[in-house]
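The block underneath contains the structure these notes are about, expressed in structure tokens.
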Amino acid sequence: MMKIKTPKKGRVKRELDKRAPKLVETGKKTLILQGTKTSGTLNSVLSEIYHLKKGGAVRFTRKNDNIRPFESGGETSLEFFSPKTDCSIFVYGSHSKKRPNNLVIGRMYDHHVYDLVEVGVENFKSIESFTYDKKIAPRVGSKPFIAFVGEGFENVDELKHLKEVLLDLLRGKVVENINLAGLDRAYVCTAISSNKVYLTHCALRLKKSGTVVPRMELVEVGPSMDLVVRRHRLPNEGLRKEAMKTAKDQPKKKVKNVSSDAIQGTIGKIYIPDQKVGEMALPNKAKGVKRERREAKNKDANEHASKKQKEESE
Amino acid sequence: MEENQNPFQLEVGNLLAFNHFHNFPSLPTSRLAPFVIWSSKINRIAMHYDTYFLQTWYELVKECLQEGTKLVQVVADSLFNLLPSSQDVDGPLVKLPPPTTKLPREKPLPKPKPPTKWEEFAKKKGIKKRKRDKVAWDEQTGTWKRRFGYDSVNDDKDIPIFEAKMTDGEYRMDFLITTNTTYHPGEDPFPKRQDDKKKRVEKQEKNRLQNLKQAAKLGALPRSCLWVSMVARSLFYKHHFRPNFRVLREDAPPKKVTKDELGNVAGMAATSTASGGKFDRKLPGEKPAKKQGKHRKFLPVVEGSGIGSREKEQTENVLNKLISEHSHEILNLDKSYSHDVTMHNVKKEKKARNRKNQEGKSSSTSNKLKPKKQLHKKGAKKGPGSSKKGKA
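For the protein sequence lines, the chains are A and B, in the order given.
The opening position of the first sequence corresponds to residue 1027 in the numbering used here, with each subsequent residue numbered one higher.
The opening position of the second sequence corresponds to residue 1348 in the numbering used here, with each subsequent residue numbered one higher.
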């Protein structure tokens, strides 16, 4: 006995449809939570990341002691929270003697863990420690510029992975139109060594220059930290292929009898069946071919034949 | 994307720029911010190092910012110059190209919904949707009323004004509502209208569910639908039927429970009752439970003849066996567990003794059980022996 329950209220249906998978995806929501033990720096790291992503992030403040992202059974809580909050990236902070100030940034595919990167935070400078003119402070929810500097991001596997994850985390909503007056923040990530990345958040100051393009000036405002890559887990190949599928990737159906040539362009082949000359209908019905005449002729012929037979039999 | 000399990898759709050429010089291993110094002697030296470290750190940050600025400038160049901009109230609006870096999706690709039965029919017939007005003219009252809902045109709750024409012995009531139902004389039309409406509503609901099931078969159920199954748990509440809904994963079609599984569950449910499922109220046509319950037989306590004396006989047998001379032979060594244990222990003991003899130590006297002695002891005690008998 199976039943299908559908929402009765339009409001509920609209909310659920918002969480439905879309053909082209716009931005992922982030879930920020912490483990059994956190340090002071880690607390401020997590809260500042939450501030940076204010519109599209959910922050859990209680400690979750059964989350161990790198272990096989420790992801169940995360996979429970993900569909409940509709978040596909999570930032999990924990502090231990072996891994101090630990951040695990992970992504989800279909509410199951897709890949993980574990980084340690060093040299954290919070927003309060920076002094700047408050007028240029970036506004909540503005689309940021992202700059990656360093050959490490190209050569080292872990840094490549971290670059992808950071891009996903920092970029915010994917939009079609953008207001040029509202560009006011930039993230700069530099690979200073083969396992360290210096991440900083800056405000943009657009200065007059001779041309249409204003001159950009970066002023460090936000948190800046050193990320030391500790562990990472890449997705397995099948899952990666599935997740990277886009709507445009549908294999083009091969059209038969069409080929293209460099010189002539598109060529098509048409197959014509053999003509059956005897069975073809003539376009102009000649007098002699008309039906009545034919039938009349046949009847006469039959009568003659029967008469002849009768005579012969007799 | 860029044809000019800039060597960076640009992606305007994400406002991203990547400089993969820049090489940072190797740094001192510890980039220390001003740290606490505890000795004055070290202080002088430490201060020196401190400033050295600080300098390099600040320089590093400056360099990072410089490179960042360059990259951001390049992106901004392409944003302002190359993209078509339109003027808006707040500022120039620019249409961003879609991002090109391939990032993994967060949810699987949605499957296209199959057309519903009505949609197929409409396509076949060429019926197109037409836009209707919110209000419709109601002839009866001479006002504009809603199309559906509470005070609507052709509402069933309205008492219609009609003329009855006697046509062929039937009253064919020409309502202002164009219904083609014929009403027989003496029939109450109002409940009939209500029933008709109920039937229409049920039919519509059935069709809607059929459409959803068809979509579910193809795997294209909209996320706002939930599969709900009445789990076999309901079978446990045989006497008072309490349906227990368990919500399954939203997009997974429910797993079909096989006949055997259901039978097993029903059997388990039956035997979990005190009477072993024998006296449960059965549904018509239901077969007896598969898993038979265990029945315990209790002999009557009162003495008598026949079954009444069975108990007496049983206890007599037990006592005779225990008190007899050869009770020590009753304990079957082969069957008893202690036999194996003692055999094993004897072997172990022998090994240990040999080893210890080699080492020159005295053999450990085993406190372990020796079979023969054990037997005699057991023979003397009647209590534990009898209990063992009962179990065997």
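Positions of the beta carbon are idealized from the N, C-alpha and C atoms, including for glycine.
In this text the structure is predicted, and so the values were computed from the model without any measurement.
Inset, instruction - Find the nearest neighbour of Asn1181 of chain A within the set B:Asn1366, B:Ser1433, B:Asn1361 and B:Arg1700, judged by alpha-carbon distance. - result: Taking the first sequence and counting its residues from 1, one reaches residue 1181 of chain A at position 155. The option with the nearest alpha carbon to Asn1181 of chain A is B:Asn1366.
Inset, instruction - Reducing DSSP to helix, strand and coil, say where Arg1628 of chain B ends up. - result: One-based indexing of the second sequence puts residue 1628 of chain B at position 281. If DSSP states are grouped into helix, strand and coil, Arg1628 of chain B belongs with coil.
Legend entry - Cβ of Ala1579 of chain B within 7 Å of any chain A Cβ: Counting from 1 along the second sequence, the entry for residue 1579 of chain B is found at position 232. Its pLDDT being 43, under 50, Ala1579 of chain B is placed unreliably by the model, and nothing is read from it.
Legend entry - Thr1618 of chain B vs Gly1624 of chain B beta-carbon contact at 7 Å: As a position in the second sequence, residue 1618 of chain B is number 271, starting the count at 1. As a position in the second sequence, residue 1624 of chain B is number 277, starting the count at 1. For Thr1618 of chain B and Gly1624 of chain B, yes; Cβs fall inside 7 Å.
Inset, instruction - Report yes or no: is there a C-beta of chain B within less than 7 Å of the C-beta of Arg1320 of chain A? - result: As a position in the first sequence, residue 1320 of chain A is number 294, starting the count at 1. For Arg1320 of chain A, no CB of chain B lies under 7 Å from its own CB, so it is not counted at the interface with that chain.
Legend entry - Gly1132 of chain A at chain B interface by Cβ criterion, 7 Å: The count along the first sequence starts at 1 and reaches residue 1132 of chain A at position 106. No, its Cβ sits nowhere closer than 7 Å to a Cβ of chain B.
Inset, instruction - Report yes or no: is there a C-beta of chain A within less than 7 Å of the C-beta of Lys1694 of chain B? - result: By one-based count along the second sequence, residue 1694 of chain B stands at place 347. It does not; no Cβ of chain A falls within 7 Å.
Inset, instruction - Grab me the residues of Pro1461 of chain B's own chain with a C-beta within less than 8 Å of its C-beta, minus the 5 sequence neighbours each way, in chain order. - result: Your numbering for residue 1461 of chain B matches position 114 in the second sequence. So the list reads Gln1561, Ala1562, Leu1565 and Ala1567, once near-sequence residues are dropped.
Inset, instruction - Determine, using beta-carbon pairs with one atom in the region 1066-1085 of chain A and one in the region 1144-1156 of chain A, whether at least three such pairs fall under 8 Å. - result: yes
Inset, instruction - Check whether the Cβ atoms of Cys1113 of chain A and Val1139 of chain A lie closer than 7 Å to each other. - result: Your numbering for residue 1113 of chain A matches position 87 in the first sequence. Your numbering for residue 1139 of chain A matches position 113 in the first sequence. No, the pair does not count as a contact, with Cβ atoms beyond the cut-off.
Inset, instruction - Compare the C-beta of Met1348 of chain B with all C-beta atoms of chain A and state if any pair is closer than 7 Å. - result: Numbered from 1 along the second sequence, position 1 holds the residue referred to as residue 1348 of chain B. The pLDDT assigned to Met1348 of chain B is 37, lower than 50, so where the model puts this residue is not dependable; a value taken from the coordinates is nonetheless given after this. Not closer than 7 Å to any Cβ of chain A, the Cβ of Met1348 of chain B fails to qualify, so no.
Legend entry - Buried or exposed by the 16-neighbour rule on C-beta atoms within 10 Å, applied to Val1383 of chain B: Locating residue 1383 of chain B in the second sequence gives position 36, where the first residue counts as 1. The pLDDT assigned to Val1383 of chain B is 41, lower than 50, so where the model puts this residue is not dependable, and the model offers no usable value.
Inset, instruction - Could you check how far apart the C-beta atoms of Asn1092 of chain A and Gly1100 of chain A are, in whole angstroms? I think they sit under 8 Å. - result: Position 66 of the first sequence, counted from the first residue, corresponds to residue 1092 of chain A. Position 74 of the first sequence, counted from the first residue, corresponds to residue 1100 of chain A. Right, the Cβ-Cβ distance comes to about 7 Å (below 8 Å), so this counts as a contact.
Legend entry - Listed by chain order, chain B residues near Glu1074 of chain A by CB distance under 8 Å: The residue given as residue 1074 of chain A occupies position 48 in the first sequence. Here the premise fails: no neighbours, minimum Cβ distance about 18 Å.
Legend entry - Coil, strand or helix - Cys1113 of chain A by DSSP: Here residue 1113 of chain A is taken as the residue at index 87 of the first sequence, counted from 1. Of the three classes helix, strand and coil, the one that applies to Cys1113 of chain A here is coil, per DSSP.
Inset, instruction - Would you identify the three-state DSSP class for Leu1559 of chain B, choosing helix, strand or coil? - result: Here residue 1559 of chain B refers to the residue found at position 212 of the second sequence. Leu1559 of chain B: helix per DSSP, three-state reduction.
Legend entry - Residue closest to Glu1144 of chain A, alpha-carbon to alpha-carbon, out of A:Phe1174, A:Gln1335, A:Leu1206 and A:Glu1184: As a first step, residue 1144 of chain A must be located in the first sequence, where it is residue number 118. Checking every option, the nearest Cα to that of Glu1144 of chain A belongs to A:Glu1184.
Legend entry - Continuous beta strand (DSSP E) stretch holding Asn1366 of chain B: start and end: Working through the second sequence from its first residue, we reach residue 1366 of chain B at position 19. If you look at Asn1366 of chain B, you'll find it in the beta strand (DSSP E) that goes Leu1363 to Asn1366.
Legend entry - Close beta carbons around Ser1122 of chain A, own chain, < 8 Å, minus the five adjacent residues each side: Here residue 1122 of chain A is taken as the residue at index 96 of the first sequence, counted from 1. Around Ser1122 of chain A: Lys1063 and Asn1128.
Inset, instruction - With a 10 Å radius around its C-beta and 16 neighbouring C-beta atoms as the bar for buried, classify Met1306 of chain A as buried or exposed. - result: Counted from its first residue, the first sequence places residue 1306 of chain A at position 280. By the neighbour-count rule (16 or more Cβ atoms within 10 Å), Met1306 of chain A is not buried but exposed.
Legend entry - CA-to-CA distance, Lys1267 of chain A to Pro1164 of chain A, given in whole angstroms: Stepping through the first sequence from its first residue, residue 1164 of chain A is reached at position 138. Stepping through the first sequence from its first residue, residue 1267 of chain A is reached at position 241. Answer to the nearest angstrom: the Cα atoms are 37 Å apart.
Legend entry - Residue burial classification, Ile1298 of chain A (beta-carbon count within 10 angstroms, cutoff 16): Here residue 1298 of chain A is taken as the residue at index 272 of the first sequence, counted from 1. Burial call: exposed.
Legend entry - Between the CA atoms of Ile1474 of chain B and Phe1468 of chain B - distance to the nearest angstrom: By one-based count along the second sequence, residue 1468 of chain B stands at place 121. By one-based count along the second sequence, residue 1474 of chain B stands at place 127. In a straight line, the C-alpha of Phe1468 of chain B is about 8 Å away from that of Ile1474 of chain B.
Inset, instruction - With a cut-off of 8 Å on the beta carbons, I'd call Asp1437 of chain B and Val1239 of chain A a contact; round off their distance for me. - result: By one-based count along the second sequence, residue 1437 of chain B stands at place 90. By one-based count along the first sequence, residue 1239 of chain A stands at place 213. That belief does not hold up - the Cβ atoms of Asp1437 of chain B and Val1239 of chain A are roughly 19 Å apart, past 8 Å.
Inset, instruction - Mind reading off the beta-carbon distance from Leu1195 of chain A to Thr1056 of chain A? Whole number of angstroms is fine, and I expect it under 8 Å. - result: Within the first sequence, residue 1195 of chain A is the residue found at index 169, counting from 1. Within the first sequence, residue 1056 of chain A is the residue found at index 30, counting from 1. Right, the Cβ-Cβ distance comes to about 7 Å (below 8 Å), so this counts as a contact.
Inset, instruction - Say whether chain A places a C-beta atom closer than 7 Å to the C-beta of Asp1424 of chain B. - result: In the second sequence, the residue the question calls residue 1424 of chain B occupies position 77. Chain A, which has a Cβ nearer than 7 Å to the Cβ of Asp1424 of chain B, makes this yes.
Legend entry - Spatially closest choice to Ala1229 of chain A from A:Val1223, A:Ser1235 and A:Asp1210, by CA coordinates: Along the first sequence, one-based indexing puts residue 1229 of chain A at 203. Ranked by Cα distance from Ala1229 of chain A, the first of A:Val1223, A:Ser1235 and A:Asp1210 is A:Asp1210.
Inset, instruction - Tell me, please, whether the CB atom of Asp1287 of chain A is closer than 7 Å to any CB atom in chain B? - result: Taking the first sequence and counting its residues from 1, the one referred to as residue 1287 of chain A is at position 261. By this cut-off, Asp1287 of chain A is not an interface position.
Legend entry - Among A:Glu1097, A:Lys1160, A:Asp1159 and A:Ser1155, the one whose alpha carbon lies nearest that of Val1130 of chain A: Your numbering for residue 1130 of chain A matches position 104 in the first sequence. Of A:Glu1097, A:Lys1160, A:Asp1159 and A:Ser1155, the residue nearest in Cα terms is A:Glu1097.
Legend entry - Rounded Cβ spacing between Val1421 of chain B and Leu1357 of chain B (contact assumed at less than 8 Å): One-based indexing of the second sequence puts residue 1421 of chain B at position 74. One-based indexing of the second sequence puts residue 1357 of chain B at position 10. Between Val1421 of chain B and Leu1357 of chain B, the beta carbon gap of about 6 Å places them in contact (Cβ cut-off 8 Å).
Inset, instruction - Select from the region 1177-1202 of chain A all residues with a C-beta closer than 9 Å to any C-beta belonging to chain B, and list them in chain order. - result: Glu1177, Gly1178, Phe1179, Glu1180, Asn1181, Lys1189, Glu1190, Leu1193, Asp1194, Arg1197, Val1200, Val1201 and Glu1202
Legend entry - Which of helix, strand or coil DSSP assigns to Asn1181 of chain A: To locate residue 1181 of chain A, count along the first sequence from 1; it is residue 155. Note: Asn1181 of chain A maps to helix in three-state DSSP.
Inset, instruction - Check whether the Cβ atoms of Ile1162 of chain A and Arg1231 of chain A lie closer than 7 Å to each other. - result: Here the question's residue 1162 of chain A lines up with position 136 in the first sequence. Here the question's residue 1231 of chain A lines up with position 205 in the first sequence. Their beta carbons are under 7 Å apart, which means Ile1162 of chain A touches Arg1231 of chain A by this criterion.
Legend entry - Residues of its chain near Arg1493 of chain B, where Cβ-Cβ distance is below 6 Å and the 5 sequence neighbours each way are ignored: Taking the first residue of the second sequence as 1, we reach residue 1493 of chain B at position 146. The answer, listed in chain order, is Ser1499.
Legend entry - Residues that Lys1141 of chain A bridges to, as DSSP identifies them: Looking up residue 1141 of chain A in the first sequence gives position 115. The amino acid occupying residue 1141 of chain A in the given sequence is Asp; Lys does not appear at that position. Answer is A:Arg1133.
Inset, instruction - In angstroms with no decimal places, state the Cα-to-Cα distance between Lys1504 of chain B and Arg1479 of chain B. - result: Taking the first residue of the second sequence as 1, we reach residue 1504 of chain B at position 157. Taking the first residue of the second sequence as 1, we reach residue 1479 of chain B at position 132. Rounded to whole angstroms, Lys1504 of chain B to Arg1479 of chain B spans 23 Å at the Cα level.
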